[in-house]
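Colleague: Would you mind keeping the following structure in view while I ask a few things?
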Amino acid sequence: EAQVTQNPRYLITVTGKKLTVTCSQNMNHEYMSWYRQDPGLGLRQIYYSMNVEVTDKGDVPEGYKVSRKEKRNFPLILESPSPNQTSLYFCASNNKGLSGNEQFFGPGTRLTVL
Amino acid sequence: AQKITQTQPGMFVQEKEAVTLDCTYDTSDPSYGLFWYKQPSSGEMIFLIYQGSYDQQNATEGRYSLNFQKARKSANLVISASQLGDSAMYFCAMREWEYGNKLVFGAGTILRVKS
Numbered sequence: 001e002a003q004v005t006q007n008p009r010y011l012i013t014v015t016g017k018k019l020t021v022t023c024s025q026n027m028n029h030e031y032m033s034w035y036r037q038d039p040g041l042g043l044r045q046i047y048y049s050m051n052v053e054v055t056d057k058g059d060v061p062e063g064y065k066v067s068r069k070e071k072r073n074f075p076l077i078l079e080s081p082s083p084n085q086t087s088l089y090f091c092a093s094n095n096k097g098l099s100g101n102e103q104f105f106g107p108g109t110r111l112t113v114l
Numbered sequence: 115a116q117k118i119t120q121t122q123p124g125m126f127v128q129e130k131e132a133v134t135l136d137c138t139y140d141t142s143d144p145s146y147g148l149f150w151y152k153q154p155s156s157g158e159m160i161f162l163i164y165q166g167s168y169d170q171q172n173a174t175e176g177r178y179s180l181n182f183q184k185a186r187k188s189a190n191l192v193i194s195a196s197q198l199g200d201s202a203m204y205f206c207a208m209r210e211w212e213y214g215n216k217l218v219f220g221a222g223t224i225l226r227v228k229s
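Going down the list, the sequences are from chains F and C.
Counted from 1, the first sequence has number 15 at position 15 by the numbering used here; the numbering is strictly sequential.
Counted from 1, the second sequence has number 152 at position 38 by the numbering used here; the numbering is strictly sequential.
Written as structure tokens, this is what we have:
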């Protein structure tokens with residue numbers, strides 16, 4: 001089954017404690033992205049990757065890091081989380097092109113930073 | 115300027131009636147795609163329908179249709195014969211060819227279907 005997986009699905013942590021949210025896709029997609037969702041703002045792109053070892057900032061990259069060492073994995077790293085990073089996070093993958101059915105989202109990770 | 119605007123924060127519709135959720139967009143890229151997603155209370159993003167900028171006909175997927183008016187830059191979602199299970203948040207999004215890796219989302223519309 002074609003899918004994007006994320007772990008953990010839920011996480012409560014404290015300010016300053018480093019954490020990693022994993023993301024993996026099994027569709028051999030070149031493009032992967034991280035989004036955060038906040039009320040009234042929709043989803044906003046944090047970082048994206050167009051291929052292995054190729055990453056770049058999205059619209060809201062501050063406080064986040066990513067890496068793309070393998071095509072299937074795209075972890076999101078919060079080196080020193082802060083309460084304003086409490087949000088719902090989605091990993092997504094797609095191939096080149098604009099076709100709608102090539103855009104896949106993971107199930108989401110609800111993060112709370114106390 | 116906002117690239118995607120959804121002007122209806124919340125909507126109510128009676129079960130079995132049709133409802134239109136509004137979406138306007140802004141782009142200078144001639145190649146782009148427009149998407150609608152449904153997000154139920156469980157949180158996952160469910161793809162509903164897609165319209166390409168060069169598509170001649172409005173997209174349809176079962177009870178969902180996209181009313182694409184290119185000159186007005188609008189891409190409204192029409193849900194026919196609403197069901198209780200349609201109650202959810204709905205997002206309009208756009209991907210431009212120049213930024214093939216990124217979807218830009220609107221703020222969303224919460225739809226509540228009344229029995």
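No residue lacks a Cβ here, since even glycine has one placed at the ideal position from N, Cα and C.
Quick caveat, the model's predicted, so the values are computed rather than measured.
Where do the ends of the beta strand (DSSP E) carrying L191 of chain C lie?
Modeller: The residue you call residue 191 of chain C lines up with position 77 of the second sequence. 188-193 is the span of the beta strand (DSSP E), which, as asked, contains L191 of chain C.
Colleague: Could you name the residues that DSSP lists as bridge partners for P208 of chain C?
Modeller: The residue given as residue 208 of chain C occupies position 94 in the second sequence. One point to set straight first is that residue 208 of chain C is Met, not Pro, in the sequence displayed. Note: M208 of chain C sits in a beta bridge opposite C:L148, C:V218.
Colleague: With a 10 Å radius around its C-beta and 16 neighbouring C-beta atoms as the bar for buried, classify G220 of chain C as buried or exposed.
Modeller: As a position in the second sequence, residue 220 of chain C is number 106, starting the count at 1. When all chains shown are included, G220 of chain C counts as buried.
Colleague: Let's test the definition: count the other Cβ atoms within 10 Å of the Cβ of E212 of chain C and tell me whether it reaches 16, buried, or not, exposed.
Modeller: The sequence position of residue 212 of chain C within the second sequence is 98, counting from 1. Classification for E212 of chain C: exposed.
Colleague: To the nearest angstrom, how far is the alpha carbon of M203 of chain C from that of K117 of chain C?
Modeller: For the purposes of this step, residue 203 of chain C is taken as the residue at position 89 of the second sequence. For the purposes of this step, residue 117 of chain C is taken as the residue at position 3 of the second sequence. Rounded to the nearest angstrom, the two C-alpha atoms are 19 Å apart.
Colleague: Return the chain-ordered list of same chain residues with a C-beta closer than 7 Å to the C-beta of M159 of chain C, the five sequence neighbours on each side being excluded.
Modeller: Along the second sequence, one-based indexing puts residue 159 of chain C at 45. Excluding positions up to five away in sequence, the list reads Y151, Q153.
Colleague: Is it true that the CB of I163 of chain C sits closer than 7 Å to the CB of L180 of chain C?
Modeller: Residue numbering aside, residue 180 of chain C sits at position 66 when the second sequence is read from its first letter. Residue numbering aside, residue 163 of chain C sits at position 49 when the second sequence is read from its first letter. In contact: L180 of chain C and I163 of chain C (Cβ atoms closer than 7 Å).
Colleague: Buried or exposed: which applies to A92 of chain F, given that a residue is buried once 16 or more other Cβ atoms fall within 10 Å of its Cβ?
Modeller: One-based indexing of the first sequence puts residue 92 of chain F at position 92. With 16 or more Cβ atoms within 10 Å of its Cβ, A92 of chain F is classed as buried.
Colleague: Does the beta carbon of F205 of chain C sit closer than 7 Å to a beta carbon anywhere in chain F?
Modeller: What you label residue 205 of chain C is simply residue 91 of the second sequence in a count that begins at 1. Chain F, which has a Cβ nearer than 7 Å to the Cβ of F205 of chain C, makes this yes.
Colleague: Measuring only between beta-carbons, confirm whether E158 of chain C sits less than 7 Å from chain F.
Modeller: Residue mapping note: residue 158 of chain C aligns to position 44 of the second sequence, counting from 1. Judged by the 7 Å Cβ criterion, E158 of chain C is in contact with chain F.
Colleague: Measure the CB-CB distance between L11 of chain F and L76 of chain F and report whether it falls below 7 Å.
Modeller: Locating residue 11 of chain F in the first sequence gives position 11, where the first residue counts as 1. Locating residue 76 of chain F in the first sequence gives position 76, where the first residue counts as 1. Contact flag unset, no.
Colleague: Chain C partners of Q3 of chain F, CB-CB under 9 Å?
Modeller: By 1-based counting over the first sequence, the position of residue 3 of chain F is 3. In chain order: nothing, as chain C lies at least about 11 Å away.
Colleague: Run through chain F and tell me which residues come within less than 9 Å of A189 of chain C, C-beta to C-beta.
Modeller: Numbered from 1 along the second sequence, position 75 holds the residue referred to as residue 189 of chain C. Result: empty, since nearest Cβ-Cβ is about 12 Å, beyond 9 Å.
Colleague: May I ask you to list, following chain order, the residues of the stretch 41-71 of chain F that have a beta carbon less than 9 Å from some beta carbon of chain C?
Modeller: Within the stretch 41-71 of chain F, the residues whose Cβ lies closer than 9 Å to some Cβ of chain C are L41, G42, L43, R44, Q45, Y48, S49, M50, D56, G58, D59, listed in chain order.
Colleague: DSSP three-state label for D56 of chain F, please.
Modeller: For the purposes of this step, residue 56 of chain F is taken as the residue at position 56 of the first sequence. D56 of chain F: strand per DSSP, three-state reduction.
Colleague: At which residues does the beta strand (DSSP E) containing N26 of chain F begin and terminate?
Modeller: Mapped onto the first sequence, residue 26 of chain F falls at position 26. Element bounds for N26 of chain F: n/a, residue is neither H nor E.
Colleague: Hey, V21 of chain F and F105 of chain F are a contact pair by Cβ (cut 8 Å); roughly how many whole angstroms apart?
Modeller: On the first sequence, residue 21 of chain F is found 21 positions in, with the first residue counted as 1. On the first sequence, residue 105 of chain F is found 105 positions in, with the first residue counted as 1. Not confirmed; about 14 Å, so no contact.
Colleague: List the endpoints of the continuous beta strand (DSSP E) containing R36 of chain F.
Modeller: By 1-based counting over the first sequence, the position of residue 36 of chain F is 36. Run containing R36 of chain F: 31-38, per the beta strand (DSSP E) assignment.
Colleague: Taking beta-carbon pairs under 9 Å, can you tell me which members of the stretch 119-138 of chain C lie near chain F?
Modeller: Cβ contacts with chain F come from Q120, P123.
Colleague: Between the stretch 129-141 of chain C and the stretch 57-77 of chain F, do at least 3 Cβ pairs fall closer than 8 Å?
Modeller: Output reads no: the stretch 57-77 of chain F does not touch the stretch 129-141 of chain C.
Colleague: Check for me: the beta strand (DSSP E) holding M125 of chain C runs from which residue to which?
Modeller: Translated into positions along the second sequence, residue 125 of chain C becomes position 11. Unbroken beta strand (DSSP E) run through M125 of chain C: 124-128.
Colleague: Measure from the C-beta of P107 of chain F to each C-beta in chain C and report whether the shortest distance is under 7 Å.
Modeller: Position 107 of the first sequence, counting from 1, holds the residue named residue 107 of chain F. At least one chain C Cβ lies under 7 Å of P107 of chain F.
Colleague: Assign V54 of chain F to buried or exposed, taking buried as 16 or more other Cβ atoms, counted over all protein chains shown, within 10 Å of its Cβ.
Modeller: The residue labelled residue 54 of chain F in the question sits at position 54 within the first sequence. So V54 of chain F ends up on the exposed side.
Colleague: Name the residue from C:C206, C:Q171, C:S196 whose alpha carbon lies nearest to the alpha carbon of S229 of chain C.
Modeller: For the purposes of this step, residue 229 of chain C is identified with residue 115 of the second sequence, where counting begins at 1. The residue with the shortest Cα to Cα distance from S229 of chain C is C:S196.
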